[in-house]
Structure formats: C-alpha cells, structure tokens
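In what follows, a structure is listed as structure tokens, so that the remarks can point back to it.
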Amino acid sequence: MRLNLGLALKILALFFWWYIVVFLLSVAPLLEVQLPSAFIPEFRGAEYAWDFELMFTLIFAVWGYYLWVASRAPEQHSFFINFTIVATFAHILGMLLVGFVKEGDLWHMLKDAVALSVPTVLVLYLKLRH
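First residue of the sequence shown: 14, per the working numbering; consecutive thereafter.
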C-alpha cells in the first residue's frame with residue numbers, strides 16, 4: 014500500500030479519536046469503575062480536570078471526523094488541511110510549554126507531543142509533495 018495524503022489524514026484522525034479512549038479510561042476511576050491497571054492512563058494529578066478533558070475530547074472527536082471526510086478528496090480541502098497542520102503544531106507547542114512550566118508534567122507532555130508530531134509531520138510532508 015502506497016502512503017498518500019488521504020491515508021495520512023486518516024492516521025491523524027485516528028490519533029485524534031484516541032483522545033476518546035484516553036478520556037473514557039481516565040474518568041472510569043472517578044465513576045468508580047474498576048479497570049485492570051494496564052488500562053488506566055498514567056496518573057494525571059489529584060485534581061484531574063475531567064471537564065477540561067471532555068471539551069478537548071469532543072473537539073478532537075469532531076475534528077477527527079472532518080479529517081476522515083477530507084481524506085477522501087484532500088485536494089478539495091486544502092484550507093482545512095492547512096488549518097489542521099498549523100493548529101496541531103500550535104497544540105504541540107502548547108503542550109511543550111506546559112510541560113516545561115508545570116512541575117511534574119514534562120514527561121507526559123513530551124510523550125504526547127512526540128506522538129502527535131509524527132502523523133502531523135507526515136501530513137505536512139505529503140501535503141507539500143501533493
């Protein structure tokens with residue numbers, strides 16, 4: 014299978030949808046749902062901001078849907094793809110800034126930033142080649 018921009022957009026959409034899984038696993042203990050330790054995301058602090066996470070999760074769920082739609086005809090969605098690239102890099106920069114400023118969050122933010130950078134750089138590279 015040849016990697017193309019449409020496939021790269023679908024991969025990025027899957028990364029965005031992964032936030033849904035992480036959110037559900039993160040709030041399970043708050044709802045007193047017992048999960049095996051292997052399924053519980055790393056500790057996010059005593060004051061887990063589930064409401065803040067819910068807003069991000071919903072935004073990424075909708076964004077992922079539109080990325081999936083755009084993946085069918087990337088040439089017709091150039092502005093949206095450009096927005097996605099810039100906004101995702103802004104998000105990554107924000108995560109890194111939080112990681113350096115907020116004590117104890119660097120490792121978590123660094124892992125998330127690197128993971129999100131891979132499909133975003135792939136989309137950028139293929140968009141420039143397209």
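Glycine is no exception: its CB is placed at the ideal position from the N, C-alpha and C atoms. Since the structure is predicted, the reported quantities are computational estimates derived from the model, not experimental observations.
Reduced DSSP secondary structure (H/G/I, E/B, other) of residue i
| i | result |
| --- | --- |
| E84 | The residue asked about is misnamed: residue 84 is Ser in this sequence, not Glu. Residue state, collapsed to three classes: coil. |
| T23 | Note that residue 23 corresponds to Lys in the displayed sequence, not to Thr. Note: K23 maps to helix in three-state DSSP. |
| G107 | helix |
| A45 | Residue identity check: residue 45 is Glu in the sequence provided, not Ala. The answer is coil: DSSP assigns E45 none of H, G, I, E or B. |
| G112 | helix |
C-alpha gap between residue i and residue j, whole angstroms
| i | j | result |
| --- | --- | --- |
| L129 | G117 | 20 Å |
| V34 | R85 | 25 Å |
| Y138 | P87 | 14 Å |
| P42 | R142 | 45 Å |
| A103 | L109 | 10 Å |
Local Cβ density within 10 Å of residue i, reported as buried at 16 or more and exposed below that
| i | result |
| --- | --- |
| M122 | buried |
| S91 | exposed |
| W120 | exposed |
| L80 | buried |
| L16 | exposed |
Residues of its chain near residue i, where Cβ-Cβ distance is below 6 Å and the 5 sequence neighbours each way are ignored
| i | result |
| --- | --- |
| F11 | Within the shown structure, residues of the chain are numbered from 14 to 143, placing residue 11 beyond reach of any answer. |
Nonlocal neighbours in the same chain, by C-beta distance under 8 Å from residue i, ignoring five residues either side
| i | result |
| --- | --- |
| A74 | F29, W30, Y32, I33 |
| K124 | none |
| F98 | A small correction: the amino acid at residue 98 is Ile; Phe does not occupy that position in the sequence shown. Excluding positions up to five away in sequence, the list reads T133, V136, L137, K140. |
| I105 | A126, L129, S130, T133 |
Expected contact under 8 Å - CB spacing of residue i and residue j to nearest Å
| i | j | result |
| --- | --- | --- |
| V136 | L25 | 6 Å |
| W63 | V40 | 5 Å |
| F96 | E66 | In fact, because the Cβ distance is near 23 Å, the residues do not count as touching under 8 Å. |
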